[in-house]
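Peer 1:
Residue numbers (the UniProt record's numbering): 1 to 475.
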């Protein structure tokens, strides 16, 4: 059974559909043919029984049979298509010349003795033919008959009158069933081909994409059935893959562009230092210190850019090594503020942090807050002020710098995008894109806009779902 199932599963889908269709039709046709055959048999037997019950033998026929076979024996005589037999109450049956004897049953004797009204049964005659026999008591006057014990009259007809039409009907039904099964198999194959034509198109498209990596191919969608849903899902998948590949290509191009500038500057500075050593011409100490500071700054910028690229290369879901857990947002904000103060010691940072607990990845969330605070420190004027508040799950970072023009606000979270006023400042243009991704993964929102009071500066709002108290399992 398991071997046959494996062979069936190894067949092509359209062959399996055609085979299943043919099997279903074969079962249905077989059930209908069997029902038709049995109904016909019942009707033919019922018709034969009614014909036997409707025949009454004349007294002259009974007299002839009685005279032909006296002494309490059974007499059998064919009359047309019927065989008439006298059944005595006792004695051995006898047969007239040319007639085959029909064995007398107990029910026939019971009818002759008046113990039973009539009898109907099937038996074989002396020639081995099946006969349908109807026996009823003979009630006519016996004055002209040979004296003897009581008897009954049996009327019989061959069962071939039922069996022969049933045999012909069985062959006809068998032939029709075979034709029906073959037709159903052919129809099932045609239906499978027609129904699977969209799947064939989908398969060809998938093979084309796998062969050429062309993600611009789309499958025409018609209707609202399962095939149409599959086609729409495939189109959506290829569109998403194409978009992902374009973003990857853009990321590589932007990363190469951003890396080229510090690398070029770094190589220039290193070549100057190397040429000084090779030629023996010493670089003034002030210039050498400036070159070394530039090299150090460029190395720091490269390290920061590489770190940002690694952060963006992570999957959109949280790292399996650092799952989301309940953390204190106000504590993470405090740690980020300490790092921000080191980068802008001349600035005044005012804080007002209310307790707020969120479910997030601590390291990623702290990095996002550090990026936001770094921007505020970077664009704040010397001796300026940065206001940081946390109330009801909303962290507000307000600086008093030049601000961001309204036309540039929609682009601030794009990768490698930097406003013209910020191109001279250090940075990779990836910080805010990392902030946006981290906050969205945590289920929050982040926006940048001008302050509501109309003053200069930029206000960053980070809203995270959470609660002012930790859940019971964390306390």
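For every residue, glycine included, the Cβ atom is placed at its ideal position computed from N, Cα and C.
Just so it is clear, the structure is predicted and the values come from calculations on it, not from any experiment.
1) Let me know if residue 237 comes out buried or exposed under the rule of 16 or more other beta-carbons within 10 Å of its beta-carbon.
2) Contact defined as beta carbons within less than 8 Å: I believe residue 203 pairs with residue 217. What is the distance between those atoms, to the nearest angstrom?
3) Drop a sphere of 10 angstroms on the beta-carbon of residue 431, count the other beta-carbons inside from all chains shown, and report buried for 16 or more, exposed for fewer.
4) May I ask which residues mark the beginning and end of the alpha helix (DSSP H) holding residue 434?
5) Between residue 456 and the rest of its own chain, which residues show a CB-CB distance below 8 Å, the 5 nearest in sequence each way excluded?
6) Just checking my contact of residue 335 with residue 374 at CB under 8 Å: how many whole Å lie between their CB atoms?
7) Indicate the three-state DSSP secondary structure (helix, strand or coil) for residue 111 in the structure shown.
8) Under the rule that 16 or more other beta-carbon atoms within 10 Å means buried, what is residue 298, buried or exposed?
9) Between the beta-carbon of residue 41 and the beta-carbon of residue 173, is there less than 7 Å?
10) Tell me the DSSP secondary structure of residue 478 in three-state form.
11) Measuring straight from C-alpha to C-alpha, what distance separates residue 387 and residue 330?
12) For the beta strand (DSSP E) containing residue 459, name the first residue and the last one.
13) So, are the CB atoms of residue 21 and residue 188 less than 7 Å apart?
14) Quick one: using the 10 Å Cβ neighbour count with 16 as the cut-off for buried, is residue 164 buried or exposed?
15) Suppose the cutoff is 6 Å on Cβ atoms and the five residues either side in sequence are ignored; what does the same chain contact list for residue 186 look like?
16) Let me check understanding here. Comparing Cα to Cα, which of 244, 409, 198 lies closest to residue 231?
17) Measure the Cβ-Cβ separation of residue 360 and residue 469 and say whether it is below 7 Å.
18) My output table needs one value for residue 424: the three-state DSSP class, helix, strand or coil.
19) Applying the criterion that 16 or more other CB atoms from any shown protein chain within 10 Å of the CB defines a buried residue, is residue 350 buried or exposed?
20) Just how far apart, CA to CA, sit residue 52 and residue 34?
21) Could you please give me the residues that DSSP links to residue 131 through a beta bridge?
22) Please list, in chain order, all residues of the same chain as residue 169 whose beta carbon is under 7 Å from its beta carbon, the five residues on each side excluded.
23) Would residue 285 and residue 269 be called neighbours here (beta carbons separated by less than 7 Å)?
24) Reducing DSSP to helix, strand and coil, say where residue 391 ends up.
25) Note down, in chain order, each residue of its chain lying with its Cβ closer than 7 Å to the Cβ of residue 161, except the 5 sequence neighbours on either side.
26) Shortest alpha-carbon distance to residue 17 belongs to which of 151, 138, 190?
Peer 2: In this structure, then:
1) The residue you call residue 237 lines up with position 237 of the chain shown. Label assigned to residue 237: exposed.
2) Numbered from 1 along the chain shown, position 203 holds the residue referred to as residue 203. Numbered from 1 along the chain shown, position 217 holds the residue referred to as residue 217. So it is not a contact: roughly 13 Å between Cβ atoms.
3) What you label residue 431 is simply residue 431 of the chain shown in a count that begins at 1. It counts as buried.
4) The residue you call residue 434 lines up with position 434 of the chain shown. Unbroken alpha helix (DSSP H) run through residue 434: 431 to 441.
5) The residue you call residue 456 lines up with position 456 of the chain shown. Answer for residue 456: 400, 401, 402, 403, listed in chain order.
6) Here residue 335 refers to the residue found at position 335 of the chain shown. Here residue 374 refers to the residue found at position 374 of the chain shown. With a beta-carbon spacing of about 14 Å, residue 335 and residue 374 fall beyond the 8 Å limit used to define contacts.
7) Within the chain shown, the letter at position 111 stands for residue 111. In the structure shown, residue 111 sits in a helix (DSSP, three-state: H, G or I).
8) Here residue 298 corresponds to residue number 298 of the chain shown, with the count starting at 1. With 16 or more Cβ atoms within 10 Å of its Cβ, residue 298 is classed as buried.
9) As a first step, residue 41 must be located in the chain shown, where it is residue number 41. As a first step, residue 173 must be located in the chain shown, where it is residue number 173. Cβ atoms of residue 41 and residue 173: not closer than 7 Å.
10) Shown here, the chain extends from 1 to 475; a query on residue 478 therefore has no answer.
11) Numbered from 1 along the chain shown, position 387 holds the residue referred to as residue 387. Numbered from 1 along the chain shown, position 330 holds the residue referred to as residue 330. The straight-line gap from Cα to Cα measures roughly 15 Å.
12) Reading the chain shown from its first residue, position 459 is the one you call residue 459. Where residue 459 is concerned, the enclosing beta strand (DSSP E) stretches over 459 to 463.
13) Translated into positions along the chain shown, residue 21 becomes position 21. Translated into positions along the chain shown, residue 188 becomes position 188. Yes, Cβ-Cβ distance for residue 21 and residue 188 is below 7 Å.
14) Start at 1 with the first residue of the chain shown, and residue 164 comes out as number 164. Classification for residue 164: exposed.
15) Taking the first residue of the chain shown as 1, we reach residue 186 at position 186. For residue 186, where only same-chain residues beyond five positions count, there are no Cβ hits under 6 Å.
16) Along the chain shown, one-based indexing puts residue 231 at 231. If we check each option's Cα against that of residue 231, 198 comes out closest.
17) Within the chain shown, the letter at position 360 stands for residue 360. Within the chain shown, the letter at position 469 stands for residue 469. No, the pair does not count as a contact, with Cβ atoms beyond the cut-off.
18) Stepping through the chain shown from its first residue, residue 424 is reached at position 424. For residue 424, the predicted model reports a pLDDT of 47, less than 50, meaning its position is unreliable; a value from the coordinates is still stated below. DSSP places residue 424 in coil when its eight states are reduced to three.
19) Locating residue 350 in the chain shown gives position 350, counting from the first residue. Under this definition residue 350 is an exposed residue.
20) Numbered from its first residue, the chain shown carries residue 52 at position 52. Numbered from its first residue, the chain shown carries residue 34 at position 34. The alpha-carbon atoms of residue 52 and residue 34 are separated by roughly 27 Å.
21) The count along the chain shown starts at 1 and reaches residue 131 at position 131. 123, 158.
22) The residue you call residue 169 lines up with position 169 of the chain shown. If we look at residue 169 and ignore the five residues flanking it on each side, its Cβ neighbours are 37, 40.
23) By 1-based counting over the chain shown, the position of residue 285 is 285. By 1-based counting over the chain shown, the position of residue 269 is 269. Not a contact, by the Cβ cut-off of 7 Å.
24) Working through the chain shown from its first residue, we reach residue 391 at position 391. The answer is strand: DSSP assigns residue 391 an E or B state.
25) Stepping through the chain shown from its first residue, residue 161 is reached at position 161. Cβ neighbours of residue 161 beyond the five flanking positions: 48.
26) Within the chain shown, the letter at position 17 stands for residue 17. Residue 17 has its Cα closest to that of 190, out of 151, 138, 190.
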